[in-house]
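Peer 1:
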Amino acid sequence: MKKQPSKRFYFFIALLIFIVAVGIFSFWNSTIIGFIGGDDAYYHATHSALIAQYDQPSYVGAWAPYHFLTYAPVNPYFLHHYLSSFVIDIFGKTNGMKIVGIIQAALIFPLFFLVIKKKSSSIGLPLMLTVLFFFASPVLLARLLLLRPFVLSMSLAILSYVLMEKKRWGLLFFLSAAYILIYNLAPLTIGIALLFVLEDWLKKRPVSLAPLIATMGGMTLGLLLHPQTLNYINLIYTHFVQIFFLKLSGVVLPSGREIQPQRISAFFFLNIIQICASILTTALYLAFRKNLKTKEHHTALFILVIGWFVVSFFIPRAVEYWVPFVWLLIALLLNDASIHREIREMKRVLSLKLFLPIVEGALAIGLVFLGTANMFLIKDVIDQHNQSEDTASYAEAAAYLQSHTPEGSILFYPIWSMFPKLFFFNTHNRYVTAFDPVFLYKYQPDLYWIWYNMVYFGRYCDQKDPCTTLGGRQNIHAIHLAFQYLFHTDTIVVPKHVDGKSFADRTLLGKILEVQKDQYTNVYENADLIIYSVNPQNKNRP
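In the numbering used here, the protein residues as written are 203 to 744.
#1: Under the rule that 16 or more other beta-carbon atoms within 10 Å means buried, what is G420, buried or exposed?
#2: So does the stretch 639 to 659 actually touch the stretch 434 to 447, counting three or more Cβ pairs closer than 8 Å?
#3: Output needed for W371: all residues of its chain with C-beta closer than 7 Å, excluding positions within five of it in sequence on either side, in chain order.
#4: Helix, strand or coil: how does DSSP classify K405 here?
#5: Reducing DSSP to helix, strand and coil, say where H699 ends up.
#6: What runs of the alpha helix (DSSP H), each 4 residues or longer, lie entirely inside the stretch 353 to 414?
#7: What's the call for S286, buried or exposed, on a 16-neighbour Cβ count within 10 Å?
#8: On a CA-only basis, which of W230, V222, I384 is nearest V583? Give me that one, please.
#9: Can you confirm whether Y602, when its beta carbon is compared against all beta carbons of chain D, has any partner nearer than 9 Å?
#10: Opposite Y722 in the DSSP bridges: which residues?
#11: Assign H499 to buried or exposed, taking buried as 16 or more other Cβ atoms, counted over all protein chains shown, within 10 Å of its Cβ.
#12: Across which residues does DSSP place S704 in a beta bridge pair?
#13: Which runs of the alpha helix (DSSP H) at least 4 residues long sit entirely within the stretch 434 to 485? Give them in chain order.
#14: Examine the Cβ distances between the stretch 655 to 668 and the stretch 624 to 632 and report whether three or more of them are shorter than 8 Å.
#15: If you draw a straight line from the C-alpha of A706 to the C-alpha of D242, how long is it?
#16: Pull up the distance between the alpha-carbon of N677 and that of N724, whole angstroms please.
#17: For E522, is the classification buried or exposed, using 16 other Cβ atoms within 10 angstroms of its Cβ as the cut-off for buried?
#18: Is the distance from the Cβ of R519 to the Cβ of F352 below 9 Å?
#19: May I have the straight-line CA-CA distance separating V222 from S228, to the nearest angstrom?
#20: Please check the pair Y602 and K623, which I expect to be a contact at CB under 8 Å, by giving their CB distance rounded to whole angstroms.
#21: For the alpha helix (DSSP H) holding I612, just list the boundary residues, first then last.
#22: To the nearest angstrom, report how far apart L482 and L535 are at their CA atoms.
#23: Have a look at T607, L217, S260 and flag the residue whose alpha-carbon is nearest the alpha-carbon of V736.
#24: From the DSSP output, which residues share a beta bridge with Y633?
#25: Can you tell me which of T431, D664, A566, G294 puts its alpha carbon nearest to the alpha carbon of S260?
#26: When DSSP builds the beta bridges, which residues end up paired with L731?
#27: Which residues share a DSSP beta bridge with T691?
#28: Could you please give the first and the last residue of the uninterrupted alpha helix (DSSP H) stretch that includes S595?
#29: Evaluate L252 with the Cβ neighbour count: other Cβ atoms within 10 Å of its Cβ, from every protein chain shown; 16 or more gives buried, anything less gives exposed.
#30: Hey, which unbroken runs of the alpha helix (DSSP H) at 4 residues or more fall wholly within the stretch 281 to 324?
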């Protein structure tokens with residue numbers, strides 16, 4: 203009888219996978235100017251650096267007066283920022299954040315290998331599936347370069363599923379507590395627990411509430427351990443409940459591209475391997491569902507895969523949950539005894555009709571080709587980022603602001619996602635809004651609509667419906683007063699260009715800032731940014 207490899211051997215292979223993944227992500231990050239994606243990583247790096255600087259794990263500054271960071275201060279990534287602060291304190295904000303991002307991106311692949319090798323009698327299939335998982339989706343690879351807490355959450359989500367399957371309720375409890383301290387979208391794993399309960403009920407097995415109790419109990423502990431418990435609960439409620447109802451009620455909430463609907467053609471082009479894997483998964487599950495091991499929750503995982511596939515079809519960022527669970531389900535199905543026997547029999551029959559090495563070789567070449575194409579797509583993403591990178595301009599503008607504006611004064615800017623990069627280079631000022639404009643709406647709906655209408659339409663209006671009472675000159679005057687008396691700012695930072703056109707040509711607000719020289723003075727300009735000073739006017743407040 204052939205001797206099975208030892209656990210040490212499998213851990214050695216997992217270590218090699220981790221080292222290779224670290225090498226690949228290190229190479230990619232070494233070619234990236236600043237942080238790819240241009241937004242969130244700059245905030246995470248800066249907040250972590252400030253935690254290290256002040257030696258306060260729960261530190262949250264009043265950086266945005268009309269945002270939860272000030273009116274309901276909370277760090278939704280508390281544990282992630284605290285752990286990152288040690289690395290950033292040693293290596294600096296840029297290199298430290300990249301090291302954290304590289305480690306958390308590389309970690310998911312050896313973890314995936316160790317999970318699926320438990321179900322396999324050989325090393326070949328787990329290793330092949332791990333490689334396919336890595337190359338399956340350029341969208342996933344691009345998102346793994348974003349250096350955000352969600353990257354670590356991918357590993358935690360898989361680990362949560364595995365612990366539910368193994369009935370390791372104690373470990374699941376403590377993992378759930380850590381998970382919610384790391385990432386505010388951790389409650390999504392409650393959905394996995396619900397699917398476990400649902401499958402037991404559908405298959406008329408004894409229904410166990412242990413997955414729900416361990417997951418929700420652990421997250422309750424995590425919430426209680428969080429230094430800003432009540433504010434964190436409020437933030438989670440906003441993300442999971444309130445935003446949904448606000449959108450249903452017609453409140454327009456600008457969002458990042460990663461959660462905006464994508465073109466169908468782009469979805470199929472960028473996820474062709476992943477889509478084929480999903481089709482294979484569906485075919486295997488439907489064909490063998492009655493013969494699968496009764497104790498394992500294949501149905502729960504299948505529903506999870508289909509659900510995330512549907513979400514990924516519309517929202518690009520959902521791919522980070524769709525991709526791992528597809529390959530996890532494929533691994534479980536291919537290693538199921540009944541399916542394994544059928545596949546061996548199918549190969550035997552095909553070998554009588556075809557020369558299988560040629561077929562297998564052609565498939566291998568095709569997969570190598572697609573994987574290589576995905577690597578070139580990642581290179582293209584990095585090249586596009588580097589060509590449009592404006593980090594130097596933000597650093598130069600920050601130096602000007604620090605020497606020409608009072609400490610703690612508020613900056614107004616028209617694109618809410620400018621906040622992280624401005625914040626990275628400049629903690630001297632405060633900011634009119636930070637990530638997620640919904641929190642400006644929560645602070646004061648009227649102020650949100652004024653901000654929204656000024657930024658997007660160049661109109662002063664404190665409601666959703668268009669305001670028609672102000673004429674042109676009155677509108678311009680009202681905007682000028684709003685800067686001073688509603689947003690309490692005398693400094694405006696705008697991009698020099700938006701989508702290939704100047705900001706003044708692209709937006710009415712930009713045109714107002716450029717033309718109304720008696721109200722606004724262009725005090726600084728570089729290759730990518732313009733800074734205007736708001737000239738004071740002390741009458742007829744809005």
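Glycine included, C-beta positions come from ideal geometry on N, C-alpha and C.
Peer 2: So, to answer that:
#1: buried
#2: yes
#3: A412, A416
#4: coil
#5: strand
#6: 371 to 384, 391 to 404
#7: buried
#8: W230
#9: Within the model displayed, chain D is absent; a lone protein chain is all it includes.
#10: V736
#11: buried
#12: H699
#13: 445 to 450, 466 to 472
#14: no
#15: 26 Å
#16: 21 Å
#17: buried
#18: yes
#19: 10 Å
#20: Not quite, the Cβ-Cβ distance comes to about 15 Å (not below 8 Å), so this is no contact.
#21: Unbroken run through I612 is the beta strand (DSSP E), 612 to 614; no alpha helix (DSSP H).
#22: 10 Å
#23: T607
#24: L613
#25: T431
#26: P697
#27: I612
#28: 593 to 606
#29: buried
#30: 295 to 319
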